[in-house]
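J.: Numbering (this note's numbering), first residue to last: 1 to 446. The C-beta atom is built at its ideal place from N, Cα and C for all residues, glycine as well. Only a predicted model underlies this, so the values are computations on that prediction, with no experimental measurement involved.
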Ligand code: FCB
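What follows is the structure in structure tokens.
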């Protein structure tokens, strides 16, 4: 395999990793005392997931984790972003931790460290214990306090070896798809009434961060899905709609985290300074709490004004004239440098170091995946361009190590550097795995 010639100029010590999430890879949903999660419930509801797929077995990582660690070591990455399944640690979302659940991640962390791979766990990648959903899920303020308790149990076991933590994965997508549109678990279609789920996730992050720091955390991040937004035309209405969308997707979480305040929500009929679910002191806890920003990037967004009378003040416009992934997502690598330099322009000195905590694409099932190689090459070049433009980017995690359960799409979207034959669990590295291995290896000092 010849490497594409794109030169990457990344800072010394730049970290290379792969990312996964518990529900998408582990399987073993009833083993060792794991409780039920909202995703188990959602998958069991007819019509929710394409072809009725579920995460019941997934990649069987719960049993094959040692093999997966060996594959990562062979790939040459120095970091692994995985998520911890809250229902394995607290089957009912509260109370005494389940030792068998903690043991699983304890073994994984040790195996990673032994191979020189930095464990980078995410505490919440969407698999809320069903018992907490029964009490209102993230719409309930109490879930934030429960999250901090859960973080405390995990940190008590792993905090001697884990130094970097990610509290939340894509709180925007979780709020939008899980609570506003109902296409992900827990399946609520509340539209703008989903907003409390944003604040309570942020509050949970703030409370958990205090606990993690107490346990010796060096770095606490939130990984959010971000997208550069452009207006479909120069019209005032399209530009206002694009600004409103940008606020929701990019600022709703980042402004409170970095600036300690909510952005202007007037396009959504709210006074940002008087949100009914925000209590005194909440924003002090949230503001300035992150020591890094996790950026998950897949594609840019083009926005036009909303349909008259529609509940949302914007519509999404399809991006044409660019390659598309197997998921039909547009491929626009420059969008990533635009996004990163835009964050620099927006937040200035308040912008902490950035890690790209997810980036990747789905392709056809085969082992030869030139589309993935081109995708990764172009996007890493975009990271390199942003770094040269002065943005402090410190690492890049490929989504994903393995083909896995892609939420509402089931097993139909294959994002892996490694192919998984789901009936047998057999893993086979794709061409992109060998390509990345060579590129990472070439950049490493002898
Ligand atoms: C992100 C999710 C991740 C994966 C990728 C494709 O939104 O965080 O779990 O599904 O998309």
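(1) Indicate the three-state DSSP secondary structure (helix, strand or coil) for residue 215 in the structure shown.
(2) Where does residue 224 fall in DSSP's three states?
(3) Which value, in whole angstroms, describes the spacing of the CA atoms of residue 293 and residue 337?
(4) Residues in its own chain within less than 7 Å of residue 97 by CB, not counting five upstream and five downstream?
(5) Identify every residue that forms a DSSP beta bridge with residue 305.
(6) For a test of the three-state rule: what should DSSP assign to residue 131, helix, strand or coil?
(7) Between which residues of its own chain and residue 410 is the CB-CB distance below 6 Å, once the five residues before and five after are set aside?
(8) Leaving out five residues before and five after residue 314 in sequence, what residues of the same chain have Cβ atoms less than 6 Å from its Cβ?
(9) Work out the CA separation of residue 220 and residue 299 for me, nearest whole Å.
(10) Can you tell me whether residue 170 sits near ligand 1, meaning its C-beta is under 6 Å from at least one heavy atom of the ligand?
(11) Between which residues of its own chain and residue 287 is the CB-CB distance below 6 Å, once the five residues before and five after are set aside?
(12) Assign residue 107 to one of two classes, buried (16 or more other C-beta atoms within 10 Å of its C-beta) or exposed (fewer than that).
(13) How long is the line joining the alpha carbons of residue 404 and residue 59, rounded to whole angstroms?
(14) What do you get for residue 1, buried or exposed, if any count of 16 or more other CB atoms within 10 angstroms of its CB means buried?
(15) If we call anything under 7 Å between Cβ atoms a contact, is residue 264 one with residue 274?
(16) Quick check on DSSP: helix, strand or coil for residue 264?
(17) Taking its Cβ as the centre, do 16 or more other Cβ atoms sit within 10 Å of residue 328, making it buried, or is it exposed?
(18) Excluding sequence positions up to five away, which residues of its chain have a Cβ less than 7 Å from the Cβ of residue 448?
(19) Is the distance from the Cβ of residue 148 to the Cβ of residue 208 below 7 Å?
(20) Whether or not the segment 71–87 and the segment 18–25 are in contact is what I'm after, with contact meaning three or more pairs of Cβ atoms, one per stretch, closer than 8 Å; do they touch?
(21) On the criterion of 16 or more Cβ atoms from any shown chain inside 10 Å, does residue 333 qualify as buried, or is it exposed?
(22) Express the C-alpha separation of residue 194 and residue 268 in angstroms, rounding to a whole number.
(23) Measuring only the C-alpha atoms, how far is residue 179 from residue 224?
(24) I want to know whether the segment 358–375 touches the segment 415–429 - three or more CB-CB distances under 8 Å.
(25) If you draw a straight line from the C-alpha of residue 353 to the C-alpha of residue 392, how long is it?
(26) Excluding the 5 residues flanking residue 31 on each side, which residues of the same chain have their C-beta closer than 7 Å to its C-beta?
(27) If you follow the beta strand (DSSP E) that residue 123 is in, where does it begin and where does it stop?
(28) Considering Cα atoms alone, identify which of 170, 87 and 297 is closest to residue 360.
(29) Give the DSSP-derived three-state secondary structure of residue 414 in the structure shown.
(30) In the DSSP assignment, what are the bridge partners of residue 296?
(31) Could you tell me which residues DSSP puts in a beta bridge with residue 169?
(32) Would you say the beta carbon of residue 138 is closer than 6 Å to some non-hydrogen atom of ligand 2?
(33) Classify residue 373 as helix, strand or coil using the three-state DSSP reduction.
(34) Measure the Cβ-Cβ separation of residue 162 and residue 119 and say whether it is below 7 Å.
(35) Going by Cα to Cα distance, which pick from 366, 400, 44 and 57 is closest to residue 476?
(36) Check residue 395 in the structure and name its three-state DSSP category.
T.: On the basis of the supplied data:
(1) In the structure shown, residue 215 sits in coil (DSSP, three-state: anything other than H, G, I, E or B).
(2) Correct three-state label for residue 224: strand.
(3) The C-alpha of residue 293 lies about 15 Å from the C-alpha of residue 337.
(4) Around residue 97: 89, 90 and 153.
(5) DSSP lists 314 as partners of residue 305.
(6) Reduced to three states, the DSSP call for residue 131 is helix.
(7) Taken in chain order, the residues that qualify are 49, 50, 51 and 53.
(8) Closer than 6 Å at the Cβ level, and outside the excluded window around residue 314, lie 241, 244, 245, 303 and 306.
(9) CA-CA distance, residue 299 to residue 220, rounds to 25 Å.
(10) Yes.
(11) Cβ neighbours of residue 287 within its own chain (closer than 6 Å, five residues either side excluded): 260.
(12) In this structure residue 107 is exposed. Its beta-carbon is surrounded by fewer than 16 other beta-carbon atoms within 10 angstroms.
(13) Taking the Cα positions, residue 404 is about 6 Å away from residue 59.
(14) Bear in mind that a pLDDT of 41 at residue 1, under 50, signals an unreliable position, so the number given afterwards is only what the model happens to contain. Its Cβ having fewer than 16 others within 10 Å, residue 1 is exposed.
(15) Their beta carbons are not under 7 Å apart, which means residue 264 does not touch residue 274 by this criterion.
(16) The answer is coil: DSSP assigns residue 264 none of H, G, I, E or B.
(17) The C-beta of residue 328 has fewer than 16 other C-beta atoms within 10 Å across all chains shown, which makes the residue exposed.
(18) Because the chain is modelled from 1 through 446, residue 448 falls outside the range shown and cannot be assessed.
(19) The Cβ atoms of residue 148 and residue 208 sit closer than 7 Å to each other.
(20) Flag = yes, the segment 18–25 and the segment 71–87 touch.
(21) By the neighbour-count rule (16 or more Cβ atoms within 10 Å), residue 333 is buried.
(22) So the alpha carbons of these two residues sit roughly 12 Å apart.
(23) Between the alpha carbons of residue 179 and residue 224 lies a distance of about 16 Å.
(24) Contact holds between the segment 358–375 and the segment 415–429, because three or more Cβ pairs, one in each stretch, are under 8 Å apart.
(25) Roughly 5 Å separates the two Cα atoms.
(26) Cβ within range, chain order: 62.
(27) If you look at residue 123, you'll find it in the beta strand (DSSP E) that goes 118–124.
(28) Selected option, being the one with the closest Cα: 297.
(29) Strand.
(30) Answer is 225 and 358.
(31) Beta-bridge partners assigned by DSSP to residue 169: 223.
(32) This structure simply doesn't include ligand 2; it includes ligand 1 instead.
(33) Collapsing the DSSP output to three states places residue 373 in a helix.
(34) Cβ distance < 7 Å, so residue 162 and residue 119 count as in contact.
(35) The structure shown does not extend to residue 476, since the chain spans only 1 to 446, so no value can be given for it.
(36) Reduced to three states, the DSSP call for residue 395 is strand.
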